[in-house]
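The structure under discussion appears below in the form of structure tokens.
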Amino acid sequence: MLRVFVISFLILSFVAEAVARDPFRGQKGSIVEVSVVDSSGKAVLNGKGYVIDKDGLIVTVCRMILKWYEDIRNDLIVRTEDGKVFPLYRLISYNPALDLAIFKINAELTEIAIPSNERVSSYIRKTINRYRDMVKNVKNSTETLAEDVNGIKRPEAAPNLKEPDSLSDSPYVRGIRYASLKRYREAIEEYHKALREDPDNPDIYSDLGLAYYKIDRYRDSIDAYRKVLLLRPSSKPIYERLGTLYLISGEYDEAIGIFKKALQLDYSDPKTHFNLAIASFMKGDMDSAWQEYIILTGLDEDLSRRLWDIIN
Numbered sequence: 003m004l005r006v007f008v009i010s011f012l013i014l015s016f017v018a019e020a021v022a023r024d025p026f027r028g029q030k031g032s033i034v035e036v037s038v039v040d041s042s043g044k045a046v047l048n049g050k051g052y053v054i055d056k057d058g059l060i061v062t063v064c065r066m067i068l069k070w071y072e073d074i075r076n077d078l079i080v081r082t083e084d085g086k087v088f089p090l091y092r093l094i095s096y097n098p099a100l101d102l103a104i105f106k107i108n109a110e111l112t113e114i115a116i117p118s119n120e121r122v123s124s125y126i127r128k129t130i131n132r133y134r135d136m137v138k139n140v141k142n143s144t145e146t147l148a149e150d151v152n153g154i155k156r157p158e159a160a161p162n163l164k165e166p167d168s169l170s171d172s173p174y175v176r177g178i179r180y181a182s183l184k185r186y187r188e189a190i191e192e193y194h195k196a197l198r199e200d201p202d203n204p205d206i207y208s209d210l211g212l213a214y215y216k217i218d219r220y221r222d223s224i225d226a227y228r229k230v231l232l233l234r235p236s237s238k239p240i241y242e243r244l245g246t247l248y249l250i251s252g253e254y255d256e257a258i259g260i261f262k263k264a265l266q267l268d269y270s271d272p273k274t275h276f277n278l279a280i281a282s283f284m285k286g287d288m289d290s291a292w293q294e295y296i297i298l299t300g301l302d303e304d305l306s307r308r309l310w311d312i313i314n
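For any residue, its number in this note's numbering is found by taking its place in the sequence shown, counting from 1, and adding 2.
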């Protein structure tokens, strides 16, 4: 559970009465109940929120987040109009000046609120767009890293787009050929057969991790890449892939730890500093995100501008 806020946020929240008290007045269909509950499940604070995006994005007031943050045992939950309950999945934005906090639950929703206050409306649109861009960038980054083998050799006897030969090919070669045909589940079966014959081959685990990634089995992909690092601990590309998988899985502490290990192998890699900044930003650690931005300005101008657009 994410619980990282800058102290100034806590101070500013007590004077955040800058906008109209209810910029969503009259929009009943989009209202959800937001509650902070203690370890026994008892509500310690009840409030309301508004659905601002069908992908489960909710806006509420800052005091709900502050109460959630107040005790490590507190949880924040959302009850929709049909009675379903969802826990907070990810905090996206916290703005004491507007007295608004935006967070995500894992749910598909229907009614969407449209704020009447233009300042609030502009902030929400910007935040939603930034969040979508961030998710897209992280996904693209993972795709790029996953496709880039960076020196992890594949058998040269495995031409692309050739149907696997069950008689002459080894399981590993059949797996690679299935993968080249985008038949990833069959590839996974062959990689596991290959690992029974050669259980300490990091190349097989690497290709297995990529195949799992291709069918969105991120946890299995993570496990495979972690095995690669046990066998080949100095493989920076694998650290990058593993870090980005943790990132898109919402495991920000794990992502941060992996990216820091990658920087120990190559501190000057701008992609790693960028990914570390994104992980810190998503965790809510803005100080660390800004530190990585400052470092990035001296390494890669394009990536630093891209990071500025995300965290600013």
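Glycine residues also receive a C-beta, built at the ideal position from the N, C-alpha and C atoms.
Just so it is clear, the structure is predicted and the values come from calculations on it, not from any experiment.
Item: Where the alpha helix (DSSP H) through residue 55 begins and ends; Value: Segment 45 to 55 is the beta strand (DSSP E) holding residue 55; no alpha helix (DSSP H) there.
Item: Same chain, Cβ closer than 6 Å to residue 95, five either side skipped, listed in chain order; Value: 104 and 129
Item: Whole-angstrom C-beta distance between residue 115 and residue 53, which should lie under 8 Å; Value: 6 Å
Item: Residue 132 vs residue 252 beta-carbon contact at 8 Å; Value: no
Item: Bridge partner(s) assigned by DSSP for residue 97; Value: 102
Item: C-alpha distance - residue 310 paired with residue 262, whole-angstrom precision; Value: 20 Å
Item: Buried versus exposed call for residue 236 [16 or more other C-beta atoms within 10 Å across all chains shown]; Value: exposed
Item: For residue 118, three-class secondary structure by DSSP; Value: coil
Item: Beta-carbon proximity of residue 107 to residue 60, cut-off 8 Å; Value: yes
Item: Secondary structure of residue 316, DSSP reduced to three states; Value: Since the first residue shown for the chain is 3 and the last is 314, residue 316 is missing from the structure and cannot be characterised.
Item: Integer-rounded CB distance, given that residue 208 should sit under 8 Å from residue 214; Value: About 11 Å separates the two Cβ atoms, so there is no contact after all.
Item: Reference residue 240; option with closest CA among 233, 254, 227 and 50; Value: 227
Item: Coil, strand or helix - residue 38 by DSSP; Value: strand
Item: Beta carbon of residue 230 nearer than 8 Å to that of residue 204; Value: yes
Item: Bounding residues of the beta strand (DSSP E) (the contiguous stretch that carries residue 298); Value: Taken as a continuous stretch (DSSP letters only), residue 298 belongs to no beta strand (DSSP E), being part of the alpha helix (DSSP H) at 288 to 299.
Item: First and last residue of the uninterrupted alpha helix (DSSP H) at residue 206; Value: 204 to 216
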